[in-house]
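Only one structure is covered here, and it is reproduced in the block below.
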Amino acid sequence: MSVRRPYRSDVSDARWALMKPVFDDWRARRTGPGTAARVHDLREIVNAILYVNRTGIPWEYLPHDFPPYKTVYDYYAKWESDGTTQQVHDLLRGKTRRFHGRRAEPTAAVVDAQSVKTSANVAKTSQGIDAGKKIKGRKRHLITDTLGLVLAVLVTAANVHDTTGGKLLLDDLAAAHPSVSKVWADGGYQNSICNHGAGLGIDVEVVQRPRAKGFEPLPKRWVIERTFGWLMQHRRLARDYEALPQRSRAMIHWAMANKMSRELTGESTPTWRIETDIRLESA
């Protein structure tokens, strides 16, 4: 079989080495009819998923030198449903925290939400209207650590209030990260989230926006805004294209896995401006 030319979204040998143990374990656990023949290279499946994640193309537009798109999506769906995607993400998050001199488990976090438009294939029952942002689509509720790394994520219709989604996230946070005792939220969250957090042993502090005009980063809270910026660098997340909310959640995990693996190996994240800049400089 001929070796294809690499794409800029492909994982390097160093990045693949970080993820490979999870996928080796996953494949070793696979038993039953049809699992004996290892037809597809899992690294190529990961490369194909990251290609979709980074470029934003529909699955059926995957280049032909990747495995068939239906096969890639089948792996994508399996890894989402059995927790493999999150396992890769959480492994890289722990490594990234230690890379920055932090403990693997955080003690403080930040919560916020982002509303995005949806594509035509998303069912009406899975979307709503965010009256404040005037956006019809879905809402991404996130909790990150103080480095901006994702600890919990929930995707809902856009008409779900931040506080409602925040309470559900706090439940997930308390179960998965019991070490977290402090969470900062913005003024859009109601006082009931503080009471809910107190019941879980988490001190939720609402940070009010300054009254002065103009942009001003909010103390403790700006890191999650940067996280939303990281996500939007992945074109598949510029709009919600996934038919199922849980698959949208998986896309967020893949985007963060891409970001964290590059950081751990010292590889820069390609931007969409490089080729344009080169042409302008040579003009």
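With the UniProt record's numbering applied, the sequence shown covers 1 to 283. Ideal placement from N, C-alpha and C gives every residue a C-beta, glycine not left out.
- Assigned with DSSP and collapsed to three states, A185 falls in strand.
- By the neighbour-count definition (other C-beta atoms within 10 Å, threshold 16), F99 is an exposed residue.
- In this structure, DSSP gives S115 an extended state, which the three-state scheme calls strand.
- S261 is classed as buried because its beta carbon has at least 16 other beta carbons within 10 Å across all chains shown.
- Of the other Cβ atoms in all chains shown, fewer than 16 fall within 10 Å of the Cβ of W222; this residue is therefore exposed.
- Between P67 and E44, the alpha-carbon positions lie close to 7 Å from each other.
- Using a Cβ distance threshold of 8 Å, T85 and W79 count as a contacting pair.
- Annotation: the continuous alpha helix (DSSP H) that includes G229 extends over 222-232.
- Burial is judged here by how many other beta carbons sit within 10 angstroms of a residue's own beta carbon; R236 has at least 16 and is buried.
- Taking the Cα positions, H40 is about 30 Å away from A238.
- In this structure the segment 252-261 does not lie against the segment 131-139, because fewer than three pairs of beta carbons, one per stretch, are closer than 8 Å.
- Closest in alpha carbon position to D240, among Y51, A175, K117, D172, is K117.
- By the CB criterion at 8 Å, H253 and H89 fall inside the cutoff.
- Classified as buried, S115 has 16 or more neighbouring CB atoms from the shown chains inside 10 Å of its CB.
- When secondary structure is reduced to three states using DSSP, V180 falls in the coil class, being assigned neither helix nor strand.
- Distances from the CA of A198 to each of K182, G187, D74 were compared; the closest alpha carbon is that of K182.
- Between S179 and G201, the alpha-carbon positions lie close to 10 Å from each other.
- Collapsing the DSSP output to three states places T163 in a helix.
- In this structure, DSSP gives A77 a helical state, which the three-state scheme calls helix.
- Counting only the Cα atoms, H161 lies some 12 Å from S192.
- The beta-bridge partner set that DSSP reports for V204 consists of V183.
- In the DSSP assignment, T156 falls within the unbroken beta strand (DSSP E) covering 150-157.
- Linking A174 to W16 through their CA atoms gives a straight-line distance of about 31 Å.
- A straight line joining the alpha-carbon of V11 with that of N195 spans about 44 Å.
- Rounded to the nearest angstrom, the gap between the Cα atoms of S126 and A158 is 9 Å.
- Within the DSSP secondary-structure output, G128 pairs in a beta bridge with G137.
- Distance check between Y75 and each of K95, R102, W59 places W59 closest, using alpha-carbon atoms only.
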